[in-house]
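Heads up, the thing below is written out as structure tokens.
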């Protein structure tokens, strides 16, 4: 309710100070971390609109360490929104680079939308960070993310195409003492088959 009032004040009434007060109330009275994080993100946005860029950036920085499971209804981590605003404002870029570096290791388990945004941020940092060392690190990070994106997209394609690959039924092959069928899949080929452990259903390997 406090967020609803704040958004009404921000977008309909154009009363930014009133909106900021509602977002602050929402942030302090939240019952779950995602509610608090989302309210802080909205507060930073309205402070930015009000011209209080210093306070806005402080709130964005406070969101950077949050775990990626604190996400909106589209599955986008709240910290990524904050990182985007900081990169656009050319503020806290080293902190954003550090956060992206930690995220890259788990990126293959994220959605393509998240991976694309991480890639865009890494590429923006590579163009804007001062100093050869940070730029080179951001460029290397962008390449890592692009590689992860390739794996994500290939995994999704395999999920879509798996039924048409003609791999057969692992239970039937096991009963006939047949070796599993392995086939190459994708531009960067994966060897794909189905396997069955005793007492389990077939699994993709």
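In the working numbering, the protein residues as written are 60 to 264. Cβ atoms here follow ideal geometry from the backbone N, Cα and C, with glycine treated the same way.
- Taking C-alpha positions only, residue 211 is separated from residue 199 by approximately 19 Å.
- A direct Cα-to-Cα measurement between residue 100 and residue 242 gives close to 47 Å.
- Inclusion of residue 75 and residue 109 in the CB contact set at 8 Å is warranted, their separation being smaller than that value.
- Short of 7 Å from the beta carbon of residue 130, and not among the five residues preceding or following it, lie these beta carbons of its own chain, in chain order: 136, 137.
- Residue state for residue 138 is assigned as helix, using DSSP reduced to three classes.
- In terms of Cα proximity to residue 218, the closest of 253, 178, 83 is 253.
- When DSSP reads this structure, residue 130 sits in a beta bridge with 136.
- Between residue 163 and residue 222, the CB-CB gap reaches or exceeds 8 Å.
- By the Cβ neighbour-count rule, residue 71 is exposed, with fewer than 16 other Cβ atoms within 10 Å of its own.
- Taking the CA atoms as reference points, residue 215 sits about 14 Å from residue 166.
- Around the C-beta of residue 63, fewer than 16 other C-beta atoms lie within 10 Å, and the residue is accordingly described as exposed.
- Non-local beta-carbon contacts of residue 170 in its own chain, meaning distances under 6 Å to residues more than five positions away in sequence, involve 134 in chain order.
- CA-to-CA, the gap between residue 213 and residue 201 works out to about 18 Å.
- The beta carbons of residue 195 and residue 184 sit no closer together than 8 Å.
- Here the alpha carbon of residue 114 sits roughly 20 Å from the alpha carbon of residue 94.
- In the DSSP assignment, residue 250 is bridged to 243.
- Annotated three-state conformation of residue 161 is helix, per DSSP.
- Collapsing the DSSP output to three states places residue 154 in a helix.
- For residue 121, the uninterrupted alpha helix (DSSP H) segment begins and ends at 112-122.
- Residue burial is scored here from C-beta neighbours: residue 69 has at least 16 other C-beta atoms within 10 angstroms and is therefore classed as buried.
- Proximity to residue 190 across 153, 132, 161 peaks at 153, based on C-alpha coordinates.
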